[in-house]
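Quick note on numbering: numbering that gives the first Met the number 0 labels position 58 of the sequence shown as 57, and the sequence is numbered without any gaps.
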Amino acid sequence: MPLIYKIDILQSLKDKGLSSYKLRQEKILSESTLQKLRKRQAVSWENLETLCMLLECQPSDLIEYVKEETVSKRAD
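In structure tokens form, the structure reads like this:
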């Protein structure tokens with residue numbers, strides 16, 4: 000996956016006083032979104048926007064593009 004998280008999103012939310020329990024109870028983020036964040040998987044643009052609002056940051060503070068190295072095998 001060429002887009003990766005630069006920070007631990009859940010830890011950053013916790014540092015802001017937002018536990019997983021609170022995020023679910025107040026319906027800020029769904030359980031499936033929290034699971035994706037735990038597994039460092041991609042989330043929707045809408046969720047990314049919510050994360051930026053909660054963490055008071057820009058998307059580039061959360062994610063970065065990392066070029067995948069392609070290994071080309073030559074057939075001799």
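Just so it is clear, CB atoms sit at the ideal spot from N, CA and C, and this is done for glycine as well.
| query | result |
| --- | --- |
| Leucine 47 - containing alpha helix (DSSP H), residue span | 44-54 |
| For glutamine 64, the residue or residues it bridges with in DSSP | Note that residue 64 corresponds to tyrosine in the displayed sequence, not to glutamine. Tyrosine 64 is bridged to Leu2. |
| Span of the alpha helix (DSSP H), counted from its first residue to its last, around arginine 39 | No alpha helix (DSSP H) holds arginine 39; DSSP gives it neither H nor E. |
| Residue range of the unbroken alpha helix (DSSP H) whose run includes isoleucine 27 | No alpha helix (DSSP H) contains isoleucine 27, which DSSP labels as neither H nor E. |
| Spatial distance of lysine 76 from glutamine 40 (CA atoms) | Outside the modelled stretch of the chain, which goes from 0 to 75, sits residue 76, for which no answer is possible. |
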